[in-house]
Amino acid sequence: TQMEFPLSLPAIPNICRLLYLRQEIAVTPMTRLFFNLTLHPQTRNCVLGHFLFLLCRRPEVGSSPLALPPPHLFESLESGRAPLVNVQEIQAVGSQRILSILAYLLRRIPQCGEF
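Residue numbers for the sequence shown follow our numbering, beginning at 4 and rising by one.
Right under this line is the structure:
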């Protein structure tokens with residue numbers, strides 16, 4: 004029988020945006036979320052494709068907040084100030100989190116290495 008998608012594919016970019024929060028989400032829920040998403044072959048290809056894209060592409064200052072990678076790290080702006088934009092920080096934060104999740108996935112789901 005056909006396996007059911009754990010999540011619709013258009014939702015994957017929104018899940019990837021969670022990697023760009025200034026205040027990092029706890030590692031265990033994030034790795035388990037991506038583990039569950041990569042168990043299904045279709046969502047695995049979509050997630051890994053987004054990871055590859057995010058690792059290779061530099062953030063662009065002034066792009067839409069919906070762009071991937073985003074133009075800034077997402078944070079609470081209660082004081083009304085604009086988010087700080089540092090392209091190197093955005094790329095470093097995103098890359099470190101993605102590589103950490105990939106290391107977790109590769110140890111547990113060998114098919115991720117075939118992407």
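Note that the Cβ used here is the ideal one computed from N, Cα and C, for glycine as well.
The model shown is predicted, which means the values in this text are computed figures rather than measured ones.
If we ignore side chains and look at the alpha-carbon of each, how far apart do residue 114 and residue 48 end up?
10 Å
Count the other CB atoms within 10 Å of the CB of residue 54; is the residue buried (16 or more) or exposed (fewer)?
buried
Should residue 104 be labelled buried (16 or more other beta-carbon atoms within 10 Å of its own) or exposed?
Per the 10 Å Cβ criterion, buried.
Between which two residues does the alpha helix (DSSP H) containing residue 107 stretch?
Counting along the chain, the alpha helix (DSSP H) containing residue 107 begins and ends at 90-111.
Residue 117 to residue 101 span [Cα, whole Å]:
17 Å
Which listed residue (16, 56, 41, 29) has its alpha carbon closest to that of residue 68:
16
Residues near residue 65 by beta carbon distance below 8 Å, same chain, minus five either side:
74
Beta-carbon contacts of residue 107 that lie in its chain and below 6 Å, excluding the five residues immediately before and after:
34
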